[in-house]
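Participant:
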Amino acid sequence: MFDLKQDNPSLCGYCKSPARGYLLIDTKKTFGACSMSHLRKLQKGEKLKNKARLSEKGLHYAIKETKQTYLKIAKTEKTWTLHEWSKTNREKLFANIVREYLNFANYQAETGKTDFGQTDEIL
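Going by this note's numbering, the sequence shown opens with residue 19, and the numbers climb by one from there.
1) Please report how far the alpha carbon of Phe3 lies from the alpha carbon of Lys59, in whole angstroms.
2) If you follow the alpha helix (DSSP H) that Ala51 is in, where does it begin and where does it stop?
3) Does the segment 58-77 come into contact with the segment 93-110, if we say contact requires no fewer than three beta-carbon pairs (one atom in each stretch) closer than 8 angstroms?
4) Does the segment 128-135 touch the segment 74-89, meaning 3 or more C-beta pairs lie closer than 8 angstroms?
5) Exposed or buried, which one is Ala37 when buried takes at least 16 other CB atoms within 10 Å?
6) The beta strand (DSSP E) with Tyr88 in it runs from where to where?
7) Give the secondary structure of Leu100 by DSSP, where H, G and I count as helix, E and B as strand, and everything else as coil.
8) Taking the straight line between their C-alpha atoms, what separation do you get for Met54 and Leu42?
Next up, the structure:
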């Protein structure tokens, strides 16, 4: 049973903005909505296909910060060809890329700036 106090959704089930008091309650699910328009979309089962956006500056920062990790792993694996690496080392590289990108995104979210780790170095 839905308890408004304990189970109230904080985010819109459609766009992930803060919910504004609109609710779609079904027998097994409860969605919050930020507007009547998004409530109607949720009723129809519509969802945004892509919720995330990519920052080109963040991507370049992550690549730059991960370069040394890539070189170290390539030397260990004795190949520059990524798909020939062990699963563990591929995961290590991708985890590093994602972590560095999220560090950039966190800085941007907290400060509103995109100068995190900015240098004139060309990748």
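Beta carbons: idealized from backbone N, C-alpha and C, even for Gly.
Here the structure is a predicted model, which is why all the values come from computation and not from measurement.
Facilitator: If we stick to the structure as given:
1) In the structure as shown, the chain starts at 19 and stops at 141, and residue 3 therefore has no counterpart that could be examined.
2) Counted as a single uninterrupted DSSP element, the stretch harbouring Ala51 is not any alpha helix (DSSP H) but the beta strand (DSSP E) occupying residues 48-51.
3) Judged by pairs of C-beta atoms under 8 angstroms, the segment 58-77 does not touch the segment 93-110, as fewer than three such pairs exist.
4) Enough Cβ pairs lie closer than 8 angstroms, so yes.
5) Classification for Ala37: buried.
6) First-last for Tyr88: 74-95, but that is the alpha helix (DSSP H), not the beta strand (DSSP E).
7) Looking at Leu100 - three-state DSSP - the assignment turns out to be helix.
8) For the pair Met54 and Leu42, the Cα-to-Cα distance works out to about 10 angstroms.
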